[in-house]
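In our numbering, the protein residues as written are 2 to 217.
For each residue, glycine too, the CB sits at the ideal point set by N, CA and C.
Note that the structure is a prediction, hence the values are computed from the model and not measured.
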């Protein structure tokens, strides 16, 4: 197993599970996999990560350490290869869109899967164009969600937010959605949708920019 790459499939049953995996593992360039018989350290691993939307994201890395965690069980921790920017934005935008939808709709139960579902398979890299199209869909959904929210929810701040709270929230959203972040994409549709999101965020900031405006 150490001589050849190991190909597996991970399936996220819910957006909450994806959010946990992204925050705990992917954002740090790592991935924990349960394994009764851990592959040797240094083994190359290819992962097809299926999102709740059925989109499949390709990841790769190497086994860095063997782990025996009392909460997660026995397994391995992978050191992932750099994740493409388009893939990161796809995940973050999809999660943000889901959060907005949940904030603007009545509470409902969310199915949670306790552990990763590992299905051995031969994985191949996801096409960038497919990821770009999925990103367009996620951003378009984000636009529709933002249009239904008041300025406080658009910025993700409470109704008692201070000037500094509003500025900080706007600053964080600007890092994620400023049109310059999407300039490298060839798709004019993607750039247009991203610009529309930023306009909605900027308008919300202008309406909440000071205490007088927030009180109206």
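If we ignore side chains and look at the alpha-carbon of each, how far apart do residue i and residue j end up?
i: residue 46; j: residue 176; result: 32 Å
i: residue 160; j: residue 103; result: 18 Å
i: residue 183; j: residue 216; result: 34 Å
i: residue 203; j: residue 96; result: 21 Å
i: residue 24; j: residue 91; result: 14 Å
i: residue 61; j: residue 87; result: 15 Å
i: residue 178; j: residue 139; result: 13 Å
i: residue 9; j: residue 50; result: 9 Å
i: residue 164; j: residue 27; result: 33 Å
i: residue 152; j: residue 99; result: 18 Å
i: residue 58; j: residue 48; result: 8 Å
i: residue 252; j: residue 78; result: Because the chain in this structure spans residues 2 to 217, residue 252 falls outside the shown range and cannot be described.
i: residue 33; j: residue 206; result: 39 Å
i: residue 37; j: residue 44; result: 16 Å
i: residue 191; j: residue 69; result: 43 Å
i: residue 181; j: residue 31; result: 28 Å
i: residue 170; j: residue 150; result: 15 Å
With H, G and I counted as helix, E and B as strand and the rest as coil, what does DSSP make of residue i?
i: residue 72; result: coil
i: residue 28; result: helix
i: residue 41; result: coil
i: residue 209; result: coil
i: residue 176; result: helix
i: residue 150; result: coil
i: residue 97; result: helix
i: residue 160; result: coil
i: residue 218; result: Past the boundaries of the shown model lies residue 218; the chain is included only from 2 to 217, so the question cannot be answered.
i: residue 184; result: coil
i: residue 15; result: coil
i: residue 84; result: coil
Judging by CA-CA distance, which residue of the options is the nearest neighbour of residue i?
i: residue 72; options: 204, 35, 8, 31; result: 35
i: residue 11; options: 44, 53, 165; result: 53
i: residue 148; options: 194, 163, 181, 75; result: 194
i: residue 76; options: 42, 90, 206; result: 42
i: residue 39; options: 49, 59, 74, 28; result: 74
i: residue 21; options: 169, 93, 189, 154; result: 93
i: residue 29; options: 89, 180, 192; result: 89
i: residue 155; options: 70, 37, 208, 66; result: 208
i: residue 1; options: 69, 64, 37, 58; result: Here the chain covers residues 2 to 217 and nothing more, so residue 1 does not appear.
i: residue 162; options: 191, 33, 211; result: 211
i: residue 101; options: 157, 68, 70; result: 157
Who pairs with residue i in a beta bridge, going by DSSP?
i: residue 33; result: 78
i: residue 61; result: 47
i: residue 56; result: According to DSSP, which records beta bridges pairwise, residue 56 is partnered with nothing at all.
i: residue 66; result: 78
Verify the contact flag: residue i, CB atom, against every heavy atom of the ligand ADP, threshold strictly below 7 Å.
i: residue 190; result: Of ligands this structure carries none, so the ligand ADP is not represented either.
Hey, is residue i's beta-carbon within less than 8 Å of any beta-carbon in chain D?
i: residue 51; result: Of the chains in the structure shown, none is chain D; there is only one protein chain.
Would you check if the region 65 to 83 and the region 134 to 154 touch, i.e. whether three or more CB-CB distances between them fall below 8 Å? Because the criterion of three Cβ pairs below 8 Å is not met, the region 134 to 154 and the region 65 to 83 do not touch.
Given 8 Å as the limit, is there contact between the region 139 to 154 and the region 185 to 205, that is, 3 or more CB pairs closer than that? For the pair of segments examined, the region 139 to 154 was found to touch the region 185 to 205: the number of CB pairs separated by less than 8 Å reaches three.
Counting pairs of beta carbons, one from the region 6 to 24 and one from the region 51 to 71, are three or more of them closer than 8 Å? At 8 Å Cβ cutoff, the stretches touch.
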